[in-house]
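J.: Have a look at the structure that comes next, please.
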Amino acid sequence: MDGYQLRGTANMTCQPNATWSGATPTCGDINECATDIGGCGQICTNVLGSYICSCRPGFALKVDGHGCEDINECATDSGGCGQICTNLLGSYNCSCRQGFVLMKDGHSCEVCGHCQGGDVNCDPISGVCSAGCQAGWKTQRCTQAVDPPVNLAVTDVTEGGFNVTWSPSRDPDLQGYRVVVLRLDLTTAVNHSTDRASCMVAGLPSETDYVIEVTSLVLSEGRRSQSEEAIMRAATGARSSTDLQFVEVTDFMLVFTWVPPDAAVTGYRIMYGQGEATERLIPSPGPGARSAVITGLQPDTIYKVAITTIGVYRESSPLVGQSRTAPVPTTPSPATTTRRTSRMTTVLSTSSSSSSTPAKTSESAGDQISSDDDDAGSDSDYYYYSDSYYDSEPEPPIPTTESNEAGYHLPW
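Each position in the sequence shown, counted from 1, maps to that position plus 331 in the working numbering.
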């Protein structure tokens, strides 16, 4: 019988001692796979009385029951690949189109990370971006977002700069920030890196518009990346006047002068008051003014004066000073005044005065407020160089401009 062979003697006789003349014959299985693997193409498996031919994965048994042929897995449902199936001898593989990367399951595809330079720099197998990430993304595969700074603001505007602030980033990979200040022609005026959530910008021309860009800088998986820019516009202020001097002080009046900036001036806004400068001098001095008068004040009272210089496009920080009015004269008479001069140390405020305080006027005849404007008439600057304090002394005659060696003249 095929698949078995005789073991022992086929013809036997009984011997006198009641035993067989030879070994008892049996039928044993033949191992067909022991010789040339049974004629199988790849795998031979011996079974009792027979054998079986089979094939390795990726191959199918031919109709002759012995040989093996390749299976084209891609012929059925693309081998389960998400995009591209490539048949191999005894196997197949899946791959992805440009701009996609193969997932860990070896079959599906996902969009490649945001690689710098585009998809051409994305490895379709590993997904690593060889040229780094586009702005706003991090990690080697450029799949995690980097948030830009938020709540961008500009404060402390001066004629030469401003302070840029923003909310601190919570990104665990944060390394710092970059602040770029661009002119409107997009040339760079400032390029500064900082680890703080603010940056003081200085040394800029006055009354100039700028574009501010702030980015977050990160280091993730050994690669440096940055966020997209947070952008806002800002401008430096007008140049401020200087050297505020109180040249005439009485019990009801302040006369003061200032030095205008070496820049175009379109006017001034003067605020004054007790404690805070909340009252506005009306009319406002014109561009040629160098002095002003405030009357109707309370005696022996400290008044603050703030002068905002108005440029062509912007306003300056206020020039601030203060002075105390003189006490009421002890023996007042029509020909008697009380005078003293006060040269004040002025303070240039660091905050920009971008809006005007509503003007307040008094209907009382005794609360008269006036200003001296060079554009409104002849030269009317006030100069008073004496440091003496006169208390209830008769007022000397006011000399003419030609003969006034003291150098003052008053319009009233």
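For each residue, glycine too, the CB sits at the ideal point set by N, CA and C.
Rounded to the nearest angstrom, what separates Trp468 and Tyr508 at their Cα positions?
T.: Taking the sequence shown and counting its residues from 1, one reaches residue 468 at position 137. Taking the sequence shown and counting its residues from 1, one reaches residue 508 at position 177. Straight-line Cα distance between these residues: approximately 15 Å.
J.: Rounded to whole angstroms, how far is the Cβ of Pro630 from the Cβ of Thr656, which I believe are closer than 8 Å?
T.: Residue numbering aside, residue 630 sits at position 299 when the sequence shown is read from its first letter. Residue numbering aside, residue 656 sits at position 325 when the sequence shown is read from its first letter. Yes, Pro630 and Thr656 are in contact; Cβ-Cβ is about 5 Å, under 8 Å.
J.: Locate the beta strand (DSSP E) running through Met343, then write down its first and last residues.
T.: For the purposes of this step, residue 343 is taken as residue 12 along the sequence shown, with counting starting at 1. Note, Met343: premise wrong, no beta strand (DSSP E); not H, not E.
J.: Taking only three categories from DSSP, how would you classify Asp408?
T.: Counting from 1 along the sequence shown, the entry for residue 408 is found at position 77. Asp408 falls in the helix class under three-state DSSP.
J.: If we count the other Cβ atoms within 10 Å of its Cβ and call it buried at 16 or more, is Cys384 buried or exposed?
T.: As a working mapping, residue 384 is identified with position 53 in the sequence shown. Buried is the call here.
J.: Residues in the same chain with beta-carbon distance under 7 Å from Ala406, minus the five sequence neighbours each way, listed in chain order, please.
T.: Indexing the sequence shown from 1 puts residue 406 at position 75. Result list for Ala406: empty, nothing under 7 Å.
J.: Report yes or no: do three or more beta-carbon pairs, one from the segment 573 to 585 and one from the segment 527 to 535, lie closer than 8 Å?
T.: no
J.: Beta-carbon separation of Ser615 and Arg570 under 9 Å?
T.: Translated into positions along the sequence shown, residue 615 becomes position 284. Translated into positions along the sequence shown, residue 570 becomes position 239. No; because the gap between Cβ atoms is not below 9 Å, this pair is not in contact.
J.: Relative to the C-alpha of Ala476, which candidate in Asp540, Leu650, His445 has its C-alpha closest?
T.: Here the question's residue 476 lines up with position 145 in the sequence shown. Looking only at Asp540, Leu650, His445, the smallest Cα-Cα distance to Ala476 is reached by His445.
J.: Below 8 Å on the Cβ atoms is my contact criterion, and I expect Cys542 with Pro480 to pass it. Report the Cβ-Cβ distance as a whole number of Å.
T.: Walking along the sequence shown from the start, residue 542 turns up at place 211. Walking along the sequence shown from the start, residue 480 turns up at place 149. Before going on, a small fix: residue 542 reads as Val here, not Cys. With 8 Å as the limit, Val542 and Pro480 do not qualify as a contact, their Cβ atoms being about 15 Å apart.
J.: Ala594 and Val636 look like a contact to me (Cβ under 8 Å); what is the Cβ gap, rounded to whole Å?
T.: The residue you call residue 594 lines up with position 263 of the sequence shown. The residue you call residue 636 lines up with position 305 of the sequence shown. At roughly 21 Å, the Cβ-Cβ gap does not stay under 8 Å, so Ala594 and Val636 are not in contact.
J.: Can you tell me which of Asn348, Ser381, Cys399 puts its alpha carbon nearest to the alpha carbon of Gly744?
T.: A question about residue 744 goes unanswered here, because the residues of the chain that appear run from 332 up to 743.
J.: By how many angstroms is the C-alpha of Gly359 removed from the C-alpha of Gln346?
T.: For the purposes of this step, residue 346 is identified with residue 15 of the sequence shown, where counting begins at 1. For the purposes of this step, residue 359 is identified with residue 28 of the sequence shown, where counting begins at 1. Each residue's Cα considered, the two are about 26 Å apart.
J.: With DSSP run on the structure shown, which of helix, strand or coil describes Ile368?
T.: In the sequence shown, residue 368 corresponds to position 37, counting from 1. Three-state result, Ile368: helix.
J.: Looking at Cys427: is its Cβ nearer than 9 Å to the Cβ of Gln447?
T.: For this step, residue 427 is matched to residue 96 along the sequence shown. For this step, residue 447 is matched to residue 116 along the sequence shown. In this structure, Gln447 does not lie closer than 9 Å to Cys427 by Cβ.
J.: List the endpoints of the continuous beta strand (DSSP E) containing Phe577.
T.: One-based indexing of the sequence shown puts residue 577 at position 246. That run of the beta strand (DSSP E) goes 573 to 580.
J.: In the DSSP assignment, the beta strand (DSSP E) including Ala566 goes from what residue to what residue?
T.: Walking along the sequence shown from the start, residue 566 turns up at place 235. Annotation for Ala566: the continuous beta strand (DSSP E) segment containing it runs 561 to 566.
J.: Please check the pair Val590 and Glu579, which I expect to be a contact at CB under 8 Å, by giving their CB distance rounded to whole angstroms.
T.: As a position in the sequence shown, residue 590 is number 259, starting the count at 1. As a position in the sequence shown, residue 579 is number 248, starting the count at 1. Not confirmed; about 17 Å, so no contact.
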